[in-house]
């Protein structure tokens, strides 16, 4: 796998955000999708704890800082267009605020 | 797993789109992230073949219709906020236009 740096990432021009898919390192389930700005990606690289930009609260968001459901980021993957990230994480507790392990607990019919 | 219908989905108010994470049914790798409008989700449910809305070409996009790299959609998952989907797929050939199996073939350092 080749490497890429934060300078190469394409944050959305209007919002300054990049979507982040969070995947469980243990069972590869998809836990959630959130958004990060440049600062959130930098903080994630620095601390190894997942950071996002909360669009509802309009603030930097260290996932689990309040709930204890922290995500230890093992690796960050970047897609071909450099406009989407995957955080591969060890999830403490559950990822979803509903108490479900993953936010994707429903099926579309 | 509980069910949800297309009427419950929250498409982005400005763009009419919803992000879709595509996950390989066989090895659970994340193949790509794309965007769908309501029509694309309906076509996916109807045909079982993944449909998106191409933001660059501004048109409905049946992934693989040209390249042959079709995605058979086994299940569609919906997150807690009903504003993100996961297509669980059987991928024919590769997902990425670069020839890589997945679009996430680079690591952020």
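Chains as they are written, first to last, in the numbering used here: chain P, 1 to 109; chain S, 110 to 218.
Glycine included, C-beta positions come from ideal geometry on N, C-alpha and C.
- Listed along the chain, the chain P residues whose CB falls inside 9 Å of the CB of residue 137 of chain S are 23, 27, 28, 29, 30.
- Not a single C-beta of chain P is nearer than 8 Å to the C-beta of residue 198 of chain S.
- With the criterion set as a beta carbon lying under 9 Å from some beta carbon of chain P, the members of the region 178-195 of chain S are 184, 185, 186, 187, 188, 189, 190, 191, 192, 193, 194, 195, in sequence order.
- With respect to chain S, the C-beta atom of residue 109 of chain P has a partner C-beta closer than 8 Å.
- Along the region 114-133 of chain S, going in chain order, the ones with a CB nearer than 9 Å to a CB of chain P are 114, 115, 117, 118, 128, 130, 132.
- Taking the CA atoms as reference points, residue 60 of chain P sits about 36 Å from residue 200 of chain S.
- In the DSSP annotation of this structure, the continuous segment of the beta strand (DSSP E) that includes residue 195 of chain S starts and ends at 194-200.
- At least one beta carbon of chain P lies nearer than 8 Å to the beta carbon of residue 213 of chain S.
- Listed in chain order, the non-local C-beta contacts of residue 25 of chain P below 7 Å within the same chain comprise 74, 88, 89, 90, local neighbours out to five positions each way being set aside.
- Rounded to whole angstroms, the gap between the alpha carbons of residue 202 of chain S and residue 77 of chain P is 21 Å.
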